[in-house]
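What follows is one structure encoded as structure tokens, with my remarks underneath.
There are 2 protein chains.
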Amino acid sequence: MKEQESTIDTKDKILESAYNIFVEKGGNGSGIKEIAEKADVNKAMLYYYFDSKEHLFKEVFRKAIEESGLKVLETMEDSSTPLFDKIKRYIDALTDHLLEEPIIFSFVMNELNRHPEVLTEILVDTIDFDRSVLDRQINEAADRYEIARINPRQLLANITSLCLGPIINRSYYSVVLDISSESEYRQFLEERKGIIYDMTISWLTT
Amino acid sequence: MKEQESTIDTKDKILESAYNIFVEKGGNGSGIKEIAEKADVNKAMLYYYFDSKEHLFKEVFRKAIEESGLKVLETMEDSSTPLFDKIKRYIDALTDHLLEEPIIFSFVMNELNRHPEVLTEILVDTIDFDRSVLDRQINEAADRYEIARINPRQLLANITSLCLGPIINRSYYSVVLDISSESEYRQFLEERKGIIYDMTISWLTT
DNA sequence: GAGAATATTAACCAACCAGTTAATAAATTA
DNA sequence: TAATTTATTAACTGGTTGGTTAATATTCTC
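From first to last, the protein sequence lines are chains A and E. For the first sequence, our numbering begins at 9 and goes up steadily by one. For the second sequence, our numbering begins at 9 and goes up steadily by one.
As structure tokens, this is what we get:
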């Protein structure tokens with residue numbers, strides 16, 4: 009059997025170090041030497057617990073998804089909450105979470121864009137989202153003429169895009185919107201919560 | 009003086025090769041050896057025309073911005089077109105352009121996220137967008153009670169986010185929306201053009 | 001405490017990296 | 001055509017990369 013304490017210690021030390029460095033510099037920008045050094049561990053230990061840089065990266069990526077706030081999506085599966093309330097909660101929760109961890113989220117998206125073939129499967133089995141509840145809710149609301157008949161996928165794409173955009177591509181929006189200070193930007197994002205909701209509702213009810 | 013023909017030839021060959029490889033694999037993922045080989049040029053020539061990998065990359069990045077479709081933003085500076093028309097044209101033009109060059113756009117955003125300090129200045133002087141015309145138009149329309157009084161920056165952020173989102177982070181949206189086939193995805197994006205416009209207008213007029 | 005399993009280390013490896021150099025070829029100028 | 005500038009090349013450099021190995025230290029089991 010393993011000697012528990014120190015094993016978990018070193019393995020976790022490696023993972024934590026890898027997490028920080030990968031997130032900061034990206035998969036291609038980081039070296040295992042640096043990761044080992046920051047973990048204060050011999051480089052060979054890295055290959056004792058993880059058998060390649062790629063494997064280590066994949067575990068880090070999985071962890072990053074968990075902590076990114078993407079899982080907020082699963083709140084959309086709740087059938088007991090009315091549609092509009094759910095939308096509001098989703099927007100607020102997603103924005104709040106993204107405001108806390110913007111870098112992690114940006115990391116996930118960047119790596120996903122750069123290595124889609126390898127990483128989508130990790131995404132798929134880490135987040136596994138079932139859209140059926142939301143679909144039904146939307147269609148039933150349309151049946152009752154409470155909202156217009158819209159494509160549920162478009163709703164999801166709209167809300168998500170509106171929330172993510174200015175956060176994960178902050179550098180771009182900083183330039184376009186000409187907002188440089190941190191506090192100003194945060195205020196701008198706070199203001200968005202209400203706007204995104206209003207915009208969505210006004211679209212659904214016209 | 010330079011020997012024009014062959015000079016331009018080789019320099020351009022290098023730039024083109026660098027462009028393709030950088031866009032495909034990203035700045036950190038690409039090596040100059042590969043770039044030289046694909047350009048069918050001696051590696052030293054790379055340092056004859058560009059004095060480092062970073063310089064070469066920056067030129068590629070600049071070129072990528074030009075071809076990415078980001079410049080469509082500048083149509084918003086036109087004061088002769090009515091607000092709603094301008095919005096419609098911006099959405100259509102941006103979407104169309106992005107549909108043609110989704111990878112380039114993704115590249116620009118990824119690199120910008122990864123190296124904001126170095127690349128924002130290139131972005132700033134490549135795109136230089138003046139928001140004042142749009143601001144005035146919006147405020148005047150609000151004065152005339154044609155639209156609600158909204159923050160022009162939020163309008164810009166909304167439209168842009170809605171257009172960019174599902175295109176530059178396609179892998180993510182493919183999973184969330186569960187759309188795998190290329191044609192289905194393109195149709196989805198086409199459908200969005202109208203939806204984004206409707207959504208924006210309904211928000212502005214409530 | 002012997003033996004086995006687990007954990008850790010330093011030294012090593014070949015391939016690759018960005019970048020240089022010094023010599024040469026080709027074109028321009030005079 | 002001689003001198004000069006511009007273009008091109010092969011070979012090289014020093015450092016880094018991801019990854020291995022073989023020996024050793026530590027811990028667990030009995």
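All residues carry an ideal CB built from backbone N, CA and C; glycine is no exception.
Minimum Cβ-Cβ distance from residue i to chain A less than 8 Å
{"i": "Met-207(E)", "result": "yes"}
{"i": "Thr-128(E)", "result": "yes"}
{"i": "Glu-192(E)", "result": "no"}
{"i": "Arg-70(E)", "result": "no"}
{"i": "Arg-97(E)", "result": "no"}
{"i": "Val-183(E)", "result": "yes"}
{"i": "Tyr-180(E)", "result": "yes"}
{"i": "Phe-196(E)", "result": "yes"}
{"i": "Glu-154(E)", "result": "no"}
{"i": "Phe-58(E)", "result": "no"}
{"i": "Pro-174(E)", "result": "yes"}
{"i": "Ser-140(E)", "result": "no"}
{"i": "Gln-12(E)", "result": "For Gln-12(E), the pLDDT reaches just 40, beneath the cut-off of 50, and the residue's location in the model is therefore unreliable, although a value from the coordinates is still provided. It does not: the Cβ of Gln-12(E) has no partner Cβ on chain A nearer than 8 Å."}
{"i": "Met-117(E)", "result": "yes"}
{"i": "Ile-22(E)", "result": "no"}
For residue j and residue i, the rounded distance between their alpha carbons
{"i": "Ile-176(E)", "j": "Lys-79(A)", "result": "20 Å"}
{"i": "His-123(A)", "j": "Ile-29(A)", "result": "18 Å"}
{"i": "Asp-17(E)", "j": "Leu-172(E)", "result": "35 Å"}
{"i": "Lys-201(E)", "j": "Asp-151(E)", "result": "28 Å"}
{"i": "Thr-214(A)", "j": "Thr-214(E)", "result": "10 Å"}
{"i": "Thr-89(A)", "j": "Tyr-98(A)", "result": "11 Å"}
{"i": "His-63(A)", "j": "Ile-111(A)", "result": "22 Å"}
{"i": "Ala-149(E)", "j": "Glu-109(A)", "result": "38 Å"}
{"i": "Leu-170(E)", "j": "Glu-199(E)", "result": "12 Å"}
{"i": "Glu-74(E)", "j": "Tyr-181(A)", "result": "17 Å"}
{"i": "Glu-154(E)", "j": "Asn-166(E)", "result": "19 Å"}
{"i": "Gln-12(A)", "j": "Lys-21(A)", "result": "Because the pLDDT at Gln-12(A) is just 40, under 50, the model does not fix this residue reliably, and the point stays unresolved."}
{"i": "Met-84(A)", "j": "Leu-81(E)", "result": "34 Å"}
{"i": "Met-9(A)", "j": "Lys-19(A)", "result": "Any answer about Met-9(A) is weak, because its pLDDT of 34 lies below 50 and its placement is not dependable; what the coordinates show is given next. The alpha-carbon atoms of Met-9(A) and Lys-19(A) are separated by roughly 16 Å."}
{"i": "Ile-146(A)", "j": "Asp-138(E)", "result": "40 Å"}
{"i": "Val-141(E)", "j": "Ser-191(A)", "result": "26 Å"}
{"i": "Asp-48(E)", "j": "Glu-42(E)", "result": "10 Å"}
{"i": "Val-114(E)", "j": "Gln-195(E)", "result": "Checking the sequence, you will find Ser at residue 114(E) rather than Val. Straight-line Cα distance between these residues: approximately 20 Å."}
{"i": "Ala-44(E)", "j": "Lys-96(A)", "result": "53 Å"}
{"i": "Lys-94(E)", "j": "Arg-144(E)", "result": "14 Å"}
Unbroken alpha helix (DSSP H) run spanning residue i, endpoints
{"i": "Gly-202(E)", "result": "190-212"}
{"i": "Ser-88(A)", "result": "That residue, Ser-88(A), is in no alpha helix (DSSP H); it is neither H nor E in DSSP."}
{"i": "Gly-34(E)", "result": "Unbroken run through Gly-34(E): none, as it is neither H nor E."}
{"i": "Ala-165(A)", "result": "160-176"}
{"i": "Phe-65(A)", "result": "61-76"}
{"i": "Tyr-56(E)", "result": "51-57"}
{"i": "Lys-46(E)", "result": "40-46"}
8 Å Cβ cutoff, residue i in contact with chain E
{"i": "Pro-110(A)", "result": "no"}
{"i": "Asn-28(A)", "result": "no"}
{"i": "Ala-165(A)", "result": "yes"}
{"i": "Arg-161(A)", "result": "yes"}
{"i": "Glu-42(A)", "result": "no"}
{"i": "Gly-39(A)", "result": "no"}
{"i": "Glu-62(A)", "result": "no"}
{"i": "Asp-186(A)", "result": "yes"}
{"i": "Arg-157(A)", "result": "no"}
{"i": "Thr-134(A)", "result": "no"}
{"i": "Ser-76(A)", "result": "no"}
{"i": "Thr-89(A)", "result": "no"}
{"i": "Leu-81(A)", "result": "yes"}
{"i": "Thr-168(A)", "result": "yes"}
{"i": "Arg-200(A)", "result": "yes"}
{"i": "Asn-121(A)", "result": "yes"}
{"i": "Phe-113(A)", "result": "no"}
{"i": "Leu-102(A)", "result": "no"}
Three Cβ pairs or more, each shorter than 8 Å: is that satisfied between the stretch 93-107 of chain E and the stretch 124-137 of chain E? no
I want to know whether the stretch 22-29 of chain E touches the stretch 195-214 of chain A - three or more CB-CB distances under 8 Å. no
Is the stretch 107-121 of chain E close to the stretch 167-184 of chain E, with three or more CB pairs under 8 Å? The stretch 107-121 of chain E, when compared against the stretch 167-184 of chain E, does touch it at the 8 Å Cβ threshold.
Segments assigned alpha helix (DSSP H), at least 4 residues, entirely inside the stretch 81-149 of chain E: 91-108, 110-122 and 124-135
If we count Cβ pairs, one from each stretch, closer than 8 Å, do we get three or more for the stretch 156-168 of chain E versus the stretch 184-194 of chain A? yes
Report yes or no: do three or more beta-carbon pairs, one from the stretch 130-137 of chain E and one from the stretch 67-87 of chain E, lie closer than 8 Å? yes
Inter-stretch contact at 8 Å, needing at least 3 Cβ pairs: the stretch 46-56 of chain A / the stretch 44-57 of chain E: no
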